[in-house]
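Just so it is clear: in the sequence shown, position 15 is 277 by this note's numbering, and no numbers are missing.
Think of the CB as a built atom: it goes at the ideal place given N, C-alpha and C, for glycine as much as any other residue.
The block underneath contains the structure these notes are about, expressed in structure tokens.
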Amino acid sequence: MDQSRCLVVADDMTGGGDTGAQFAKKGLRTLLVTPGISANLPADYLKWDVLVVNTHSRAMGAAQARQAVAATLQRLDLKRFGVIYKKIDSTFRGNIGAEVDAILEASGLSVGFLTPAFPEMGRTVKDGILLVKGTPVAETEASRDPACPVQDSNLVNLLRRQSSGGIDLVDHRNVASALGSLREAVSRKRQTGAKILIFDGLERTDVEAIAAVGFGLQPLPLFIGSAGLAEAVASRFAEKIKLTPA
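Here it is, written out as structure tokens:
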């Protein structure tokens, strides 16, 4: 797999733009493709460091969203992307499990690293519970979203309902430990058959540790997160291809 390109798969334009900006800030040449990849994907898309595609699938049904992601990926030469990032909403709205399943299947990647944590924006994960400024997400206005309400704050429970893969949690005790200990925790979880690992995250250092451990794997995991994890992944990716941040 080529290590010199990153693919970002977003479910809406705003999220795609926010995530693309995290990579562009690191000096990475970033192309954002508008919905309708068949018509809007340029022939030279492999000349860019980062390709951001938008499936416009957040408010779709789960089966339709999975198909939208699969159809988008069929248009791309996935072997040319060493890093794949699934952009998700920081309040977990949308068809996250179905779309992650589609990406894992199409890419052949064996595991996903997931955290919506974005501490600077008040999004944290503790014991698998997604908090928005300290309040469980199902008790916030995200639970009243007319298109895709979030009815459960427990990410393990949510994802088990959405995904066909094994789900497990890497708690904060492990995330905040030394990187070697975190690597060992990840290895243990994977040995039990987990396909998607949900990570607690309370501080920026937690998010950076998740990215660091991910970049230590070969092949890399599918990274799944909001703009918070995207910033850490962008830093690691820029370093990997020896670019100097702008």
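- Message: Please tell me whether V270 and V314 are closer than 8 Å, where the distance is taken between their beta carbons.
- Response: yes
- With burial defined as no fewer than 16 other Cβ atoms inside 10 Å of the residue's Cβ, what is the status of A305: buried or exposed? exposed
- Proximity to G490 [Cα-Cα], best of A364, W310 and A283: Closest option to G490, Cα to Cα, is A283.
- Query: Is I391 near the ligand SAM, in the sense that its beta carbon is under 7 Å from a heavy atom of that ligand?
  - Reply: What this structure holds is no ligand at all, so the ligand SAM is not there to describe.
- Item | Straight-line Cα distance separating V331 from V412 | 21 Å
- Mark D389 as exposed unless 16 or more other C-beta atoms lie within 10 angstroms of its C-beta, in which case mark it buried. exposed
- Message: Between which residues of its own chain and T506 is the CB-CB distance below 7 Å, once the five residues before and five after are set aside?
- Response: Note that T506 has pLDDT 43, beneath the 50 cutoff, so the model's placement of it is unreliable and no number is given.
- Message: Taking the beta carbon of E339 as the centre, do at least 16 other beta carbons fall within 10 Å, making it buried, or is it exposed?
- Response: Residue identity check: residue 339 is Asp in the sequence provided, not Glu. It counts as exposed.
- Quick one, which of A474, E367, L308 and L376 has its alpha-carbon nearest A333's? E367
- Query: Quick check: the stretch 471-488 against the stretch 351-366, are there 3 or more CB pairs under 8 Å?
  - Reply: Yes: at least three Cβ pairs fall under 8 Å.
- Query: Residues bridged to P385 by DSSP?
  - Reply: The amino acid occupying residue 385 in the given sequence is Arg; Pro does not appear at that position. Paired residues: F380 and V394.
- Task: Label Q326 either buried or exposed according to how many other C-beta atoms from any shown protein chain fall within 10 Å of its C-beta, with 16 as the threshold for buried.
- Result: Classification of Q326: exposed, given that the 10 Å Cβ count is below 16.
- Message: Please tell me whether S319 and E382 are closer than 8 Å, where the distance is taken between their beta carbons.
- Response: no
- Task: Sort out for me which residues DSSP pairs G463 with in a bridge.
- Result: V387
- Item | Segment limits, beta strand (DSSP E) that includes L371 | From DSSP, L371 is part of no beta strand (DSSP E); its letter is neither H nor E.
- Message: When you compare the stretch 466-475 with the stretch 399-406, are there three or more beta-carbon pairs, one atom per stretch, that lie closer than 8 Å?
- Response: no
- For the candidate residues R328, R291 and R445, whose alpha-carbon lies nearest to that of I210? Nothing can be reported for residue 210, as the shown portion of the chain is limited to 263 through 508.
- Query: Can A409 and A494 be called in contact, C-beta distance under 8 Å?
  - Reply: No, these two residues do not count as a Cβ contact at 8 Å.
- Name the DSSP bridge partner or partners of A272? N316
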